[in-house]
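Visitor: The structure follows.
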Amino acid sequence: MGGGVATETQFHVLAVDDSIIDRKLIERLLKTSSYQVTAVDSGVKALEFLGLLDDDVDDENTDSNSHHHKVEVNLIITDYCMPAITGYDLLRKIKESKLFKDIPVVIMSSENVPSRINSCMEQGAEEFFLKPVQQSDVNKLRPHLMRGRKSSQNHKRKPVEECHSPDRTRTRYNNHDSEL
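full-length UniProt numbering applies: residue 1 is where the sequence shown begins, and numbers increase by one.
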């Protein structure tokens, strides 16, 4: 009778922040909520971890790229303001990637700038947290994780449920079979 949590039920979160204090805080909050956490200190390292930096390194070490994709990441939480690759740049690269576009991305920032928040949300961020991140913020992640896991299992996103009827002569209006 082991007391450990089965890895299948544990969500894996990639936390990205250049500030060691903020990175340790988010890591602790996530682990307290029983998430498996990989913490990195830059957008570049996050892209490396995901195997999305293959533009520069592709030809020389194809083996090292393939092992990154074996680690399933269920959510990415990233600081907005970082050197080299910002959280916004990271968000864009993830949403442009065929492999990772369905992974929920959450942006964190110590600055409450409405235009920044709006641009991140329009680009596909699930949430925008103001720092310091608190337990109540981390509690908001679970629905995004559940949705992310569901879409990765289905591998197809169906925005509207199809209605199937045994005889194809029935008319459908607004995705509901006519019941008149």
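Heads up, the beta-carbon is just placed ideally off N, CA and C, and yes, glycines get one too.
What are the start and end residues of the beta strand (DSSP E) that includes Phe49?
Guide: Stepping through the sequence shown from its first residue, residue 49 is reached at position 49. Not the beta strand (DSSP E): Phe49 falls in the alpha helix (DSSP H), residues 43-50.
Visitor: On a Cα-Cα basis, can you pick out the residue from Ala15, His12, Arg92 that is closest to Glu122?
Guide: On the sequence shown, residue 122 is found 122 positions in, with the first residue counted as 1. Of the listed residues, the one whose Cα sits closest to Glu122 is Arg92.
Visitor: For Met82, count neighbouring C-beta atoms within 10 Å of its own C-beta (all shown protein chains included) and say buried if the count is 16 or more, exposed if not.
Guide: Taking the sequence shown and counting its residues from 1, one reaches residue 82 at position 82. Flag for Met82 reads buried.
Visitor: Starting from the C-beta of Ser119, find all residues in its chain whose C-beta is less than 8 Å away, skip the five residues before and the five after it, and write them out in chain order.
Guide: As a first step, residue 119 must be located in the sequence shown, where it is residue number 119. Cβ within range, chain order: Tyr88.
Visitor: In terms of alpha-carbon separation, which member of Leu29, Ile117, Asp17 lies closest to residue 201?
Guide: Missing from the structure shown is residue 201; the chain here goes from 1 to 180 and no further.
Visitor: Does DSSP put Val138 in a helix, in a strand, or in coil?
Guide: Position 138 of the sequence shown, counting from 1, holds the residue named residue 138. In this structure, Val138 counts as helix in the three-state DSSP scheme.
Visitor: Leaving aside the five residues before and after Ile20 along the sequence, list all residues of the same chain whose C-beta is less than 8 Å from its C-beta, in chain order.
Guide: Within the sequence shown, numbered from 1, the residue matching residue 20 stands at position 20. The answer, listed in chain order, is Asp41.
Visitor: Work out the CA separation of Val37 and Lys24 for me, nearest whole Å.
Guide: Taking the first residue of the sequence shown as position 1, residue 24 is located at position 24. Taking the first residue of the sequence shown as position 1, residue 37 is located at position 37. Lys24 and Val37: Cα-Cα distance of roughly 11 Å.
Visitor: Is the distance from the Cβ of Ile26 to the Cβ of Asp17 below 8 Å?
Guide: Here residue 26 refers to the residue found at position 26 of the sequence shown. Here residue 17 refers to the residue found at position 17 of the sequence shown. It is a contact, given that the beta carbons lie within the stated cut-off.
Visitor: If you compare alpha carbons, which of Gln10, Val113, Thr78, Val73 is closest to Leu99?
Guide: Against the sequence shown, residue 99 aligns to sequence position 99. Closest option to Leu99, Cα to Cα, is Val73.
Visitor: When burial is assigned at 16 or more other CB atoms within 10 Å of the CB, is residue 184 buried or exposed?
Guide: Since the displayed the chain opens at 1 and closes at 180, residue 184 lies outside it and no answer follows.
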